[in-house]
Amino acid sequence: MRFWVPLALLAVVALAAACVSTGALTPGERLVRSKCGACHLRPEPTRLPPAAWPAVLDRHAGRVPLSPEEWSSLGAFLSGAPGGASATP
Ligand code: HEC
């Protein structure tokens, strides 16, 4: 019986750590990770200046099937807006 207590604690800690590491991603970052590494290396937000992203994403409209909401959170993440929110004030 005593043997199971530390094991159970370990499982709880591991589960919490897993939640923290995935929960920290914004919706936009999650989209980039899942959709943008198929044809080339996954692009980082720092790859281009913020103003350059809209044109790149426009060119990708026919390449990557995403909803308008997904495009906007993805664009917000890539052009550096915090929390995947809209970049316009
Ligand atoms: C279906 C294949 C495909 C997918 C999926 C894809 N790309 Fe691309 N990407 C390309 C091709 C082809 C090019 C080179 C031509 C161009 O720049 O439009 C490119 C180029 C780029 C460039 C370089 C542009 C430049 O001017 O330096 C960036 C940045 C980029 N992609 C971002 C993304 C992002 C963000 C996503 C996810 C939404 C994505 N890509 C998903 C095919 C893809």
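Per the working numbering, residue 3 is the first one in the sequence shown, and the count goes up by one each step.
C-beta atoms are modelled at their ideal positions from N, C-alpha and C, and glycine is treated no differently.
These numbers come from a predicted model, not from an experiment.
| Query | Result |
| --- | --- |
| Where S69 falls: helix, strand or coil (DSSP) | coil |
| Buried versus exposed, by CB contacts within 10 Å (16 or more), S75 | buried |
| Nonlocal neighbours in the same chain, by C-beta distance under 6 Å from V66, ignoring five residues either side | K37 |
| Separation of D60 from T90, as counted between CA atoms | Residue placement at T90 cannot be trusted, given a pLDDT of 48 that sits under 50; the coordinates are not used to answer. |
| Inter-residue spacing [alpha-carbon to alpha-carbon] between L68 and T48 | 22 Å |
| Where R49 sits in the DSSP three-state scheme | helix |
| Simplified DSSP assignment, three categories, for S74 | helix |
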